Ligand code: NDP
Ligand code: 8X3
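In the working numbering, the protein residues as written are 519 to 771.
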């Protein structure tokens, strides 16, 4: 059987890396995107050796639409037959009230979480359309369902992902392309280290006193959605740690 290809953005850590590993275990060829060259190359070599698959590592910033378009359109045709796109690259920067927010952080979140996801989706959906099939997984968040204090712009970007997920499903329906949102609550990854700009001690406190989700839990949910029969689409999944009831209510010991 011809092997399938999965395209995963933000594969250098956390949910994206767990997802890359799971798809490799399932025998997929992988296109992996991230900005950190060394990590991307190390992961690619590891997955190729361990699972006997082929990986196309692409050091790209999803915010850079010119670079994205040049590199992606320049790929050999056989790499453009993508079965699954996981729009995972994303981040939060800062946790401040709106009057004190850093406008550069706002730009980074909007450009990555919304515009980057759009640029990649446009290119890859155009590869899927002639095949009349494909599956786009958008990584949203509980922050796309609820707004929490000081989450303002990050929550707005994830609410936008929620809306785009619905819009994409409508627009791509005639082309047989499935669109699924996976919305996690708190997952212990590098997310909080990035949000607090390298302050690892502060990041650790986010996950203290309860058992957060792990990246693998989200990869498993993505795989569940991807492995449904052709006539079944999971529109939207909200996955929380058992100890987290809402964006702001977590039972901590
Ligand atoms: P990580 O910080 O561990 O991973 C984020 C990934 O995104 C990294 O691989 C990073 O790679 C990549 N990335 C960030 N900016 C860019 C960019 N401009 N271009 C290309 N890649 C980029 O965090 P998570 O794994 O937790 O985050 C993954 C997704 O899950 C994000 O969309 C996040 O919003 C979402 N999410 C996370 C939750 C959590 O609690 N952790 C909960 C809900 C949703 P590199 O730096 O190498 O570019
Ligand atoms: C990331 C998780 O709790 O900061 O989307 O919204 S949270």
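Here a beta-carbon is modelled for each residue, glycine too, at the ideal position from N, C-alpha and C.
Remember, it's a predicted structure, so these values are computed and weren't measured experimentally.
- Leaving aside the five residues that flank residue 755 on each side, the residues in its chain whose CB is nearer than 6 Å to its CB run, in chain order, 700, 739.
- In this model, residue 540 and residue 577 are separated by some 21 Å (Cα to Cα).
- Note on residue 726: under 16 other CB atoms within 10 angstroms of its CB, so exposed under the neighbour-count rule.
- Non-local C-beta neighbours of residue 532 in its own chain, meaning closer than 6 Å and more than five positions away in sequence, comprise 707, 708, 733, ordered along the chain.
- With respect to the 9 Å criterion, residue 523 and residue 543 are not classified as neighbours on the basis of their beta carbons.
- Relative to residue 679, the option among 718, 668, 636, 705 whose CA is nearest is 636.
- Just so you know, the alpha carbons of residue 710 and residue 626 end up roughly 15 Å apart.
- Distance between residue 669 and residue 611, taken at the CA atoms: about 10 Å.
- Looking at the DSSP output, residue 653 shares a beta bridge with 602, 696.
- The nearest non-hydrogen atom of the ligand 8X3 is 8 Å or more from the C-beta of residue 615.
- DSSP places residue 734 in the helix class (H, G or I) of the three-state scheme.
- In this structure, residue 603 sits near residue 653, with a CB-CB distance shorter than 9 Å.
- In the DSSP assignment, residue 573 falls within the beta strand (DSSP E) that extends over 573-577.
- Taking the Cβ atoms as the reference, residue 527 lies roughly 13 Å from residue 582, outside the contact range of under 8 Å.
- In this structure, residue 538 keeps its C-beta atom at 9 Å or more from the C-beta atom of residue 580.
- Residue range 547-552 is occupied by the beta strand (DSSP E) that includes residue 550.
- The residues 530, in chain order, have a CB closer than 6 Å to that of residue 554 in the same chain once the five nearest residues on each side in sequence are set aside.
- The alpha-carbon separation between residue 684 and residue 593 amounts to approximately 29 Å.
- Where residue 675 is concerned, the enclosing alpha helix (DSSP H) starts and stops at 670-690.
- The alpha-carbon of residue 550 is positioned some 12 Å away from that of residue 597.
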